[in-house]
Each structure stands twice: as C-alpha cells, then as structure tokens.
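For any residue, its number in our numbering is found by taking its place in the sequence shown, counting from 1, and adding 12.
The C-beta atom is built at its ideal place from N, Cα and C for all residues, glycine as well.
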Amino acid sequence: MYVRAGLPFSVMDGPLLADGDDSTEVCGVRILGQTPIDIINIYRPPIRSTNDEREDRFEPCRLPATRQTLLVGDVNAHHPDWDNNCEEEDAVGARLASWMEDVEWTTLNSGDPTLISYRTGGQTAPDLAACSQELATRASWSRGPDLGSDHLPMVVELRGVSEPPQRRRKTRWAHHKADWLQFRGSCEAALAEPPLPEATVQQLSSRFTAALQEAGKRHIPRGARRDAKPWALHPDVLRAAEERQAARRAVTAEDPSSKTRWINAKKRAAEVEARVSRESFREFVTTELNRPSSVGRVSRMLKKWEGGGDDEHRDGEAMKAGDRLLVSAEAKANAFAHQYATVSRQVRSPKIDRAARERLNRIDRHTCSECQNDRTGCCSAFTEEELAQAIQKTQLRKSPGPDGITPEMLRHLGPVARSALLHLINQSWKTGAVPQEWRSATVVPIPKASKDKRLLSSYRPIALTSCVGKLAERMLLPRLEFLAEERRLIPPEQVGFRAGRSAEDSIGRLVQDVQDGWQKPKRDKRSKRQDGESAQKFLLTAFDFSRAYDVVDHKLLRLKLLESGLPLCLVRWVWGWLRDRRARVEVQGALSKSRMFRAGLPQGSVLSPYLFLLWAADLAEALRAPGTSPYIYADDTAVLCSGNTIEVARGRAQTAADALVAWAHHNKMLVAGEKTQLLVLSQNARDAVRGTIKVAGKTVQAKDTLVLLGIELDRRLQFGAHCRRLRKRVRPRLAHLRRLGGRSWGLDEDALRTVANGYVRGALEHAAAAWLPAAAPSHVELLERELRGAARIITGCPRSTPTHALMAEARLAPMEERGWTLAARLLGRALALPPGDPLRATAEASAPARLASVRGWRERGRLAWEKAGVALPVEPVLPPRIPPWRQTSGVTFRMDVGPLRAGAAAAERERAAALHLASLPQCAVWLWTDGSAAGGVSRGGAGAVLVWPDEETEELRVPAGQLCSSYRAEMVALVTGLETLTQRDRDQDLPIVVCTDSLSAVATLRNGPAAQTSPLGVAAWRAMFALSDNGRKIHVQWVPSHCGVEGNERADRVAREAAELPQDSVPADIRTITRAVARAARDDTVRAWPPGWFRSLMGGRFPPPVAGLDRERAVDVHQLRAGHWSGSRAYLHRIGAVPSVGCEGCRDEGCVAARCPLCNEEPDTPAHVLLRCPALMRLRHSTLGHIHPRLEEVRETSVVAALAAAARRFQSRLAMLP
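In structure tokens, the structure reads:
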C-alpha cells in the first residue's frame, strides 16, 4: 500500500482476519487528522472448486466496520449490488452483502465492470469499495485508466479530508554555481576593519559568522535538488500506454477480436516499458556513473541497494513514543530531542562526586604547569601554518552546522578573513571561552537498517556542528595527540583512533596469543607443571558499555585530564567546549526546541574519539592481571583469560568481569550484561560446556562463536563461521555489482575494479592479516569463490574460464596470495612498534610447533619475509614527532621551474631549470641529492653533493637498503645531506638551496613537520629546524631529472655508487617490506599457473592492463587471452549453445560444427584467431608487419582488440548471408 508523501498516517497492527485464514491478504492504514479514516486494502484469491487444496475461511465479520472505515480491494466475489453484469450472486458475495447490511454499510461501486477476462473476454466487477452510509455521503467512486493489468483501478474520493501539507524541500548551498571571487572579496571587505580590543570571543565569532553568512547569501545560490525525471514519462512508454488504454476501451462482447487486440497492446506496452527501463538504466550507468568522480556515488548506490543505506524517512508516518502517537514533524523532533537529552543527562552520585571534588581541590587550577601562564610551547597561539593545514584537511561536501557555514566557504577565504579567523580561534584558545555557535548542533535522526521506523530507538543521531568549531578542534587535536603519545598517557592495549594502529592489532595479538598457549606442552597431571607452563585453556569475554560516549561525565573527564598532566590551558579550553552544549533535532525540515546536553562527548566532533581514549586510559590497568590480557578498541573491550584448566581460566574471567564493572561504576558508566559475549577457546570440546560467568548481575553463558570488532571467532580459531558470514554478506553485493555492467555496456573496467576492491574485497579483508593465515583452506575457498565472482564481473569472462587466467585478467590477487602479504605486513608493523608494546612482544616470541593444524600470522609472516629476502632491522612505525606548534618560518618549497609544457624535451627542460636556478641565491650552500634503486625496488643508494660558496664540493654516499623504493632512496639522500650540514661549522650565515628531482619527496616535506608519518620525514624536518633556528633560510627546489642539469647528474652518479655499499644494517620500512612480499607472492602465483594457452601466451608475466576500450571490446580482449571466447563457435558448440544438425555439442576439437566460420579450417580457438586464421592475415600483417606473429606480440591489448573486432565484423557479415 502506498501513501502520499506528507499525508499523516499510521499502520494498523491489529488482527484483521479470522483465525486460520491463511489465503486472504489484508493491510490497513489510518489517515490521521481531526477525523481519522481507516483504509483497509484486501485481496482474496479466487479459490476454485476443483484442483485447489486451499480452504475459503474468509469471514467479513472480522473486518473493522466503524463509521470512518473504507474497505477496498479485490475480493473475487460477485453480487448485483456492485456488479451490473452479475445475474446470480456467489457464496462469498452473499456473505459480504449480508455483512454490509448488518453493519449498515453500502457499496460505492457504480456497477461498472473492473475486470476483463483474458480467457473469455467477459467483463465483471470482482473489486469492491464499501464504507458506512455516513461516509458514503462524502465519497465518490470511479474507474481509473488502464495501468497494464486485467483489472482497472478503482478511484475513491473523499470530501472533507484535509490536503497533505506542502512538501518541505530543504535547500542547500549550490557551491558549483558560486562566484567565489566575489564571495572572497565580500568577506575581505566585511572583516577588513580590525575588531575592538575589548571584543569578547562571542562577539568575534558573531562578527565572523555574520560576514560569511552575508557573503554566502549574496554570492552562493541556494536550491533543492530537482527530482529525477522518471523513465515512465518517456514518449515511447506514454504512446504505448495510450494505445493499450484505447484498445481496452474498444473491447466489446460482440467483437471477439477486440479482446485479442487489447491483449496484444498490453504485451507491446509491457515490452516497451521493459526496453525503455533497461535502456535508461544502461545509459545512466554508462554516462553518469562512468566518471572518475562518480566512484563514491556508485558505492552509495550499491549500499542503498544492499539495504544498509536506507536513509529515507517515510514522510507522514506516525511514530510511537511510549503510549503517545507522534504525528507532526515538530512532535517527532521534540520527542527525539527529549530522548537524546535524557540519555546525555548528568548522573549524580554523591560519593563519587565528593571524592572527585576532593581530588580536584588538590590540583592547582590557576597556574599552568606547562607554560606557567606565559602561553609558550604547547600552550602558544596557533600559527597560520596550523590553520592552513587544518583547512586543507577539512572534508568538502559536508553538511553545515546551525550557523550555515560550509567547509567550501572556509577553503575560499582570503588573507584578511583567514587572519580574522585565526584571531578568533586564538582568542578562544587564550581565554578558554568557546562561542555558543561552536557548542550548538543540529541532530538529524537517520533510520537504522532493517529496523521498525516507527520507533525512536530505530534511529541513530547524526550531529551537524559548526564547521568553524570543527576547524578549531582540528587545530587542537594534533597538540593533544602529540602530548598524549609523547607522555604515553594511553595504554598500548588501546588501538582505537590512534595513528598506525587498527582493529587488526587486537585481533592479531589475540589469535597469536591463543595459538601460542595451545602450542605449549600437553598437560600431564603427574608432572604438576606451574600455571602457564602447559597447554592453556582460554575464556574470551567481550563486554559492552551502554551508550559509552553519551554518558561521559564532564567533571570526571576534566579531573582525569588534569591528573594525567595535560596543560591547564588545554584542559580549560576543553572544559569550556564541553559545558552548556545545546542541540536541536531536525525531522523533515521541522526543528525541535533547544535542549541542553549535560554529559557525554559531542557526536560528530573531531576531538571526541581521542578524549574518550584519555577517559578510558586507566581501564587497561584495572584489567591487567596474571593470566589476563585486555584488548581494547575505543569502547569495545575484551579480556582473554588463560589457565592450565578451564576452571582457572573461568575464575580469572569472573575476576576481570568484576573489575570492569567496578571501573564502570566509579566512572558513572553501565555495563550491558545482557550483551556481553563469552567464548571458550580450547582444543577440547568438553571445555566449552563449562563456561559461565556473571556480569553486572546477568549470567553469561559461553556460546559457539563470539563477534569481536567485526570478526567472528570460534572455539578452535578455524574461522569457518566467519568465512560463511563474510560470504553471506558479500554475495548480495556481487549481485548488485553485476547490475552495473553487461557484456556491451556498464562501468568501465577501472571503475568496476575500484568498486569491487572497496565493496567486495574490502569486506573480505577486514583485519584479515590476523585471521586469514589461521583459517582452514576449505573455509578460505568460500571467499575465493566470491572473489572469482567479482573477477567475472570485472572482465566479463564466462564461468568456465580457468581460475588462474580469470584472476590474472581481473588483476585481483587470490586470497591465498593476499594471506602471505597481509601476514608479512602485520609482522612488520608489530616489530616496528615501540619496545614494551604487547603486539611487538607477541611478534618477537616463539612457540614450539606441537599442533600441526594450528597456523598463525607470525609464522606465515616470517616465511614470507624469508621468501622475499627481508631481514631485520625494521624502521619504527611510530617515530617521535615534531611538536605541531613549531613554526616553519625560514623554510620554503618550490615544485616547478617555471612554465614547462607536458612532454617537453630534455634540452627544453634543462634550459628552464638553468633559468630558474639562476634566479636563486648564488652566494649560498647548494645541496644536490638523488636516490637510486635497481628497478625501483632493491639495492637502494642515496647520494648527496654539497657545493660550498668557494666551489669546494663534498660527495656523500649512504646505502638506502637492500629492499628500497626510489622514493625512499631520495628521502635518505635528503636526510643525509641535511644532517651533514648540521655538523658543518662553515658558512653558517649563508642560505641553503636544496635541489632534488623527487617531486613526491618535496610534496611530502611541504606538508609540514606535523604531517610527517615516517622517521625520514621527521629527521629531515629536525635537520631543517636545526639549520634555520639561527635565522638561516632554506629553500627546497625540485629540478627535472635526466636532462643535463649538472648538479643533479652528479648526485645521480653518486647515488648509483652508494647502491654498491653494504646494505645489511640498513632498516627497511613497512611499505617496502609489504611490496616486496607482494611481489614474491605474486611470482609464486604465476609459477603455479598450470600449463596451457594462458601460460604460454603470457610467458610467466601478468597480462597487460586493458584501458581505453569500450566495455564490449574490453570483454573480448579478456576472453580471448583467458582462452574462453564467447565469439568462438568451438566454445559455444562445446557448451551446447550452438548445436548443429549432426551434433548437439561436444568437446571434440575435430568436430565439423566447431570449425572457424571465417576459414573453415580448424576450430576457432583463441590461438587460431590470434595466430593462424587466414581471414585475419591481412590485419596481422598491417598491425605487426608479418603474418606469423609470436605469442609475446599478440598478448598486447591493442593487438588482441583489433583482431577480435575484425573477427566480430566477419562473423556479422557471414550471419547476414542467406
């Protein structure tokens, strides 16, 4: 049943049918208003007297029969009261007529027929519209136009029913139509006059906000997105519908052929609708979605198809809040606001609050221990560089907060407006006063997937806050992260929302620790081994905090931040930012009253996740105990307890549960005991029946599986349940992805591969490094099948295509190959963590291989390293960073040498470089750097040439690593040269000019010191700071390579010489290790290809990419190279698609029916088409210069595409011959 958008209604839930009536279908809605009207829609199928096992149990007396009820539907009953062509009533019609007489109802039908029988052409009225006699006085009945069914729709109009409210179309800023130059000028003019010295932070914020709002109104248009034109309005569809309606009107009993004409018109209209719908969708996919910028749009559309992105509200449907029925949008918004504010209320606990006040009074809250109130160091004012970096990191195309300011507006501010913005943020930072605009939010409830949309709990709130406030948070976050990481305020067990950490760390440590415990010597009662020395039994408990972020107590959070040693200046600003936060809920354009949120961390905030890490920093310490290990990702907390016996492990699990509940109580949080999960991890099935603990008063029984951070773990860690769960999740995604591409239309190959990698492989490989090496091969095969399905979608290859050729053509690595790469990456990341990290300790440990069936990522990673030639040491993944408040004045960057056309010759590039370099300071110290790596992957060398003002030169040679990329070698050369300059005492008053031909290295350093994530980037900036502290100027200049620039050519020679130096002690970084292992794993996959056409054609290499071809030609290329071409008569005959007179289908290549239709000499296999077919001889000669090509010549995409297109043309011409 459809209800017009905006019309207030509720769904009728009560029983509407007689008990046991399983054939009749009925649904009902109540149209709400001053006088509600119930509409009952009924369908009673025709139950035949013969060959029909169903029983007719339809009882009209069970239907609602109030004065304001309207009954409509197909009842398949006949009575003269509503059917003029009915001479004798049937049994059901008599029961309905009798019931309507008893309840004083009447029919609305005029008696005109609503059905034309396909079989006889007779016209009857099995459809009924009935209501009370009172309601009938305001009702009128008519037949609607033909819609393609054998039934005509009934149209019932009720007078006196209020019209639905006008649809509220929310307008948005149309940034693509904005006049940004005028916007920038208006902002500059409005903010040109400096503010008064005594202006408060709130006044500064109001002034800045008003300036941007006024400029936006004048120069950025607003509008609502226009509804898409439906394909049903296509002229062909409208014309076919008119012909169908005319044919129906012409049906008469006297002319039997009129029924046939009407049925044929219906079929033609249905065919036209299907064709237009199909063509419209294909055109939309091929044109609108086939753009590089549309990948995100494709992903959103796929998620919506999947049902996980159902973000549409049912306009007008009433909702329930307890016993209240919420009809209007305003009532719904206020109910949501009340619920959210109730959850985020401040919980008062006299004992806890009194202890917190006593602890707070012992802390000096007047003098900052970091800067002594002098505002230096981390408490200093924000710099223009920090502002620019924060604006650059701001994501565009995001909804604005209540102030209406968008990230695009901030991105287009001029220097005056940016200065005003920086002044506003610094004044707020200095005084600790936060403008109200930054503490206000508009909350939009978004329905959860597969939830009842009538309930408030079925929606998740999305808070839209001020983009200016988010910008201030984004500037503060690096300082907070730097202080917390430098002082180790967050325990290593916490891996959520931290740089370089992920859920994979927790799952990987958990799986490997359990496997190591299983590998210990088997327990022997006579030996009386100490606890932890024999094979361990484990209990894993996954806890669930009830609304963890929403109940964080602000006062306790401030106390924790101060006790952790964070600067008072920072804590004061966070305290002001948390206090007096207000929000309004928006539902269908209606806003609720403003509500205050007295507790909780703001949803949608940049700071909230990291503040929660500091809030829960002491949780790990509360859970640590002998035989007990915590695993924490944000608020997701799990505890692994071990013991020589399951009883010991259960006792420790109960102790850990009690400790966590006690911690939650002291922090005014609640543990949802009913959502707690428990899993026994043991090789003995009998241990699984003895797992029970109590959590927050609830008894928790161990189950067969446990879901932690999206991974489903089972008792033996074979991950069969997880693989089946992934397959169930991915299979519908493949079906949706398949709709976006056919053999001759759809997304191009690159787009399909990008979407498949994110939409399918992304789901399969979530934390896969931790569990994939441990999964049984039969379970991994389930995932391999889904990947092969994605490969068939990308390439268009048929199901019979050999697996190795299919995956290679799709350029998708099999799960087995990815398992080696992911395990090696996790091992490298673990070994690169700081000493004392539990994941690093797990990676460095060793365990005897007592159980051959137990496999883990650590051993798999070590084997992968050995195959790829990787050796220790490993470069740290979390280097000590440079303080983000450190100013970079005195260091400049240039990434070009002036105007230079693309593809310029070496001489032209050399002249442009010489001209530009001549404009730089000549009385300076010049540093030329370059890196070298064999094939860009190994034997790295870093070379640097120092040129002093007196023409004296110094050459520096440093090995960059046995496994090394060209970029890494370039960075090593830069660091080597800069650090060498810090050690030289001469010419310290002269500027420094650094020249390198690595554009990526210059771009990385130009991002600033706070953005560096590698030790080399940090080291380069430390050296530049050491050189520029005394006012020395440093200019980093990119120069074109291999064009004759003398300094660059010399540095290149030195780098090649450095590559010959010993490489054993040079550390390798994680990215280089991962790429080396991936290459080795891919080589193993290629070597494992079975003999055949594909291996012979490719010669042990991966197929070249297919680019620049339309979908149909690209599919032909893939199929021909893979060996199963759908244009081949031999292939089609083999699968039975082209049977001949003498043979229905066979695998005999000598069969006459399998011969090439072009030459009729031999089967038209891919080898025949590409190498030998005489009909294509001329094309091979014009393309390759001879008629007998080699295999390596015909593997190229352009050659295969040309031969396939020619073969298709010949085939089409032959098909046209009589």
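Range covered by the beta strand (DSSP E) that runs through residue i
i	result
Ile1046	1046 to 1050
Pro473	471 to 477
Residue i - DSSP class collapsed to helix/strand/coil
i	result
Lys332	strand
Cys1055	coil
Gly85	strand
Trp1033	helix
Leu652	strand
Asp562	helix
Asp322	For Asp322, the predicted structure reports a pLDDT of 47, less than 50, and the residue's modelled location is therefore unreliable. A value from the coordinates is still provided. Asp322: coil per DSSP, three-state reduction.
Pro20	coil
Arg593	strand
Leu845	coil
Met819	helix
Leu1028	helix
Gln9	This structure cannot settle anything about residue 9, because the visible part of the chain is limited to 13 through 1230.
Ala141	strand
Val1006	strand
Close-in-space but distant-in-sequence residues of the same chain around residue i (CB under 6 Å, 5 per side omitted)
i	result
Ile8	The question about residue 8 has no answer here: the residues shown for the chain are numbered 13 through 1230.
Asp323	Confidence at Asp323 is low in this model, with a pLDDT of 47, below 50, so its placement is unreliable and no value can be given for it.
Arg872	Pro785, Ala835
Glu1124	Ser756
Tyr55	Glu37, Gly85, Asp86
Gly321	The predicted model places Gly321 with a pLDDT of 47, which falls under 50 and marks its position as unreliable; any figure quoted below should be read in that light. Closer than 6 Å at Cβ, skipping near neighbours: Lys315.
Leu1188	Leu1215, Ala1218
Glu1205	Leu1196
Val104	Ala89
Arg1113	none
Proximal residues to residue i (C-beta, below 8 Å), its chain only, five neighbours per side dropped
i	result
Thr221	Asp415, Ile417, Glu449, Val480
Selection from the options that minimises the alpha carbon distance to residue i
i	options	result
Pro614	Leu693, Asp517, Arg745, Ala453	Ala453
Arg387	Ala400, Glu370, Lys442	Lys442
Ser620	Gly663, Arg1099, Val563	Val563
Trp877	Ala835, Arg867, Pro846	Ala835
Asn438	Phe394, Asn385, Asp648	Phe394
Leu682	Val692, His91, Asp670	Asp670
Ala820	Gly831, Arg751, Arg804	Arg804
Val909	Leu1011, Thr965, Trp897, Glu887	Leu1011
Gly133	Glu1156, Val263, Met983, Val428	Val263
Gly1020	Ala400, Pro165, Ser35	Ala400
Ala333	Arg969, His350, Pro895	His350
Gly601	Asp1076, Ala628, Arg184	Arg184
Gly685	Val707, Ala668, Asn679, Glu283	Val707
Trp585	Thr854, Ala1038, Leu489, Leu1002	Leu489
First through last residue of the alpha helix (DSSP H) which encompasses residue i
i	result
Phe195	192 to 202
Trp1105	1105 to 1110
Gly873	869 to 880
Glu397	396 to 405
Ser790	789 to 807
Ile502	Here Ile502 belongs to no alpha helix (DSSP H), and DSSP marks it neither H nor E.
Contacting residues, own chain, Cβ-Cβ under 7 Å from residue i (five flanking each side not counted)
i	result
Gly612	Ser356, Tyr561, Asp562, Val563, Val564
Thr711	Thr704
Ser1040	Gly902, Val903, Ile1046
Item to check | Complete alpha helix (DSSP H) runs within the segment 233 to 298 (minimum length 4 residues, chain order) | outcome: If you keep only unbroken alpha helix (DSSP H) runs of at least 4 residues inside the segment 233 to 298, you get 247 to 261, 268 to 295.
Item to check | Uninterrupted beta strand (DSSP E) stretches inside the segment 682 to 769 (no shorter than 3 residues) | outcome: For the segment 682 to 769, whole beta strand (DSSP E) runs of length 3 or above, ordered along the chain, are 689 to 693, 704 to 707, 710 to 713, 717 to 720, 723 to 726.
Item to check | Those runs of the beta strand (DSSP E) which lie wholly inside the segment 435 to 498 and span at least 3 residues | outcome: Fully enclosed beta strand (DSSP E) runs of no fewer than 3 residues occupy 452 to 459, 471 to 477 of the segment 435 to 498, in order along the chain.
Checklist entry - Could you give the uninterrupted runs of the alpha helix (DSSP H) lying entirely in the segment 610 to 657, keeping only those of 4 residues or more? => result Counting only runs of 4 or more, we get 620 to 627, 631 to 635.
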